[in-house]
Amino acid sequence: KQVAELIAAGEVVERPASIVKELVENSIDAGAKNITVEIKGGGVQYIRVTDNGSGIEREDVANAFLRHATSKVRVEEDLGNIRTMGFRGEALASIAAMCRVDLLTRTQADVTGTLYRIDGEETYLDDAGCPVGTTITVRDVFYNTPARMKFLKKDVSEGNSVAAAIEKAALAYPQVAFKFLRDGMVKLQTPGDGKLLSAVRCVLGKEFADNAIHVSYMEGINRVDGLICKPSIARSSRSMQNFFINCRYVRSKTCMAALEESYRNSIMVGRFPSCVLNVTIPPYAVDVNVHPAKIEVRFADERSIFNLIYYGCKTALGTQDI
Ligand code: ADP
Ligand code: MG
9 KQVAELIAAG
19 EVVERPASIV
29 KELVENSIDA
39 GAKNITVEIK
49 GGGVQYIRVT
59 DNGSGIERED
69 VANAFLRHAT
79 SKVRVEEDLG
89 NIRTMGFRGE
99 ALASIAAMCR
109 VDLLTRTQAD
119 VTGTLYRIDG
129 EETYLDDAGC
139 PVGTTITVRD
149 VFYNTPARMK
159 FLKKDVSEGN
169 SVAAAIEKAA
179 LAYPQVAFKF
189 LRDGMVKLQT
199 PGDGKLLSAV
209 RCVLGKEFAD
219 NAIHVSYMEG
229 INRVDGLICK
239 PSIARSSRSM
249 QNFFINCRYV
259 RSKTCMAALE
269 ESYRNSIMVG
279 RFPSCVLNVT
289 IPPYAVDVNV
299 HPAKIEVRFA
309 DERSIFNLIY
319 YGCKTALGTQ
329 DI
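Quick note on UniProt numbering: the sequence shown kicks off at 9 and runs consecutively.
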């Protein structure tokens with residue numbers, strides 16, 4: 009069986025936020041320490057992601073836009089052992105099929121950079137001066153797929169989804185300095201100092217940061233790390249509950265239930281504690297291939313994940329005055 013067939017089919021690109029998510033993941037996979045995202049018109053009009061990662065060799069540039077031409081999954085066994093963010097090799101291909109794309113890239117070893125432009129069937133490649141790293145500019149999102157365009161919401165809400173995607177990435181990668189500009193205005197900037205608390209302060213605000221309790225807990229080879237914060241009257245949803253599995257943002261009822269259960273016997277105002285928790289488990293213990301956008305996951309052992317988070321938070325809470 010072909011590796012490509014083993015990978016769950018599914019469109020990863022359904023709105024500007026999914027484009028941004030894929031591009032940012034590529035930058036992270038390329039080892040970038042600085043990632044800047046700029047959007048205009050909610051991202052429908054214009055998206056630009058600039059990174060200082062490895063860059064792409066000229067001979068690989070065109071290849072990167074071919075479906076399943078990923079440089080990341082080569083053999084069947086790799087699927088049970090996914091460690092990079094991207095693994096389907098279809099993001100760039102899908103984006104280029106539906107939008108106008110410009111890529112500007114240079115590796116450390118190259119003196120001159122490469123400009124590659126895809127506009128429908130037309131492609132164009134040339135020398136271009138640029139720093140080491142990659143800039144991808146996406147214009148006119150879905151201009152040639154009206155069916156998809158129809159499902160886009162108002163620019164404001166598309167832009168909000170883009171912001172949310174960048175916030176998750178900034179929380180998952182405190183060692184990366186993120187900058188987000190929306191219609192020319194800086195909306196988010198993280199220092200990339202490697203401290204989760206710094207990222208939390210920028211993304212989730214002062215109240216969370218000032219009241220954050222540190223979680224760091226191991227059970228066998230599984231571990232959970234991060235920050236939790238007691239509920240507040242100002243917060244009436246789970247929107248500040250951020251769970252990551254091996255640095256990948258997920259939505260999981262198991263994780264939410266474990267967090268909330270751990271707070272059960274503490275004196276609380278409001279119902280929803282907030283958190284930024286990263287669960288580290290072996291790649292084979294979690295199936296990230298159930299959902300095209302990789303947001304929903306299936307755990308091989310739900311109970312052990314519940315216990316890990318529950319006891320991790322309980323232990324942290326027990327050692328604090330709350
Ligand atoms: P995947 O991430 O699943 O491999 P993509 O379509 O997202 O597939 O990217 C295709 C390939 O292009 C990647 O495997 C990588 O080799 C290259 N690439 C994409 N974006 C970048 C980037 N920002 N920096 C370096 N290489 C990149
Ligand atoms: Mg990718």
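In this text, a Cβ means the ideal position worked out from N, Cα and C, and glycines have one as well.
Outcome for residue i when other beta-carbon atoms lying within 10 angstroms are tallied against a minimum of 16
i      : result
Asp134 : exposed
Lys203 : exposed
Leu31  : buried
Gly234 : buried
Ala173 : buried
Arg256 : buried
Phe159 : exposed
Asn250 : buried
Ile241 : exposed
Gly213 : exposed
Ile275 : exposed
Ala266 : buried
Residue closest to residue i, alpha-carbon to alpha-carbon, out of the options
i      : options                        : result
Phe307 : Ala324, Val287, Asp118, Glu130 : Val287
Asn152 : Ala117, Gly167, Gly128, Ser244 : Gly128
Ala293 : Ser282, Asn230, Tyr271, Pro154 : Asn230
Gly121 : Asn42, Gly63, Lys158           : Gly63
Ser35  : Ala177, Ile126, Cys210         : Ala177
Val211 : Val194, Glu227, Arg147, His222 : Val194
Glu175 : Cys237, Met248, Ile221         : Met248
Cys321 : Gly61, Met264, Ser206, Ile289  : Met264
Cys237 : Leu205, Asn254, Arg259         : Leu205
Asn60  : Lys41, Ala72, Gly49            : Lys41
Asn273 : Pro182, Tyr318, Ile253, Ser244 : Tyr318
Ala38  : Arg23, Thr142, Gly50           : Thr142
Phe73  : Ile253, Pro139, Ile126, Glu33  : Ile126
Tyr181 : Glu268, Asn254, Pro139         : Asn254
Pro139 : Pro154, Ala117, Ala155, Met157 : Ala117
Contact set for residue i: own chain, Cβ-Cβ below 7 Å, skip 5 residues either direction
i      : result
Glu46  : Arg56, Leu189
Gly192 : none
Arg259 : Ile303, Glu304
Pro199 : Ala185, Ser206
Asp218 : none
Chain-order list of residues whose beta-carbon lies under 6 Å from that of residue i (same chain, five-residue window excluded)
i      : result
Thr323 : Tyr225
Thr262 : Glu310, Ile313, Phe314
Tyr271 : Pro281
Thr58  : Thr44, Thr143
Ile289 : Asn230
Sequence-distant residues of the same chain with beta carbon closer than 8 Å to residue i, five excluded per side
i      : result
Val21  : Ile27, Glu30, Ala99, Ser102, Ile103, Met106
Gly137 : Thr120, Gly121
Contact check, residue i vs residue j, beta carbons under 8 Å
i      : j      : result
Val52  : Asp163 : yes
Arg66  : Gly97  : no
Ile43  : Val232 : no
Val305 : Val296 : yes
Ala25  : Val119 : no
Val109 : Val146 : yes
Glu227 : Leu325 : no
Gly278 : Arg246 : no
Glu166 : Gly50  : yes
Contact belief for residue i with residue j at Cβ below 8 Å, rounded distance in angstroms
i      : j      : result
Tyr124 : Thr115 : That pair is no contact at about 14 Å.
Leu179 : Val208 : 7 Å
Leu196 : Ile144 : At roughly 19 Å, the Cβ-Cβ gap does not stay under 8 Å, so Leu196 and Ile144 are not in contact.
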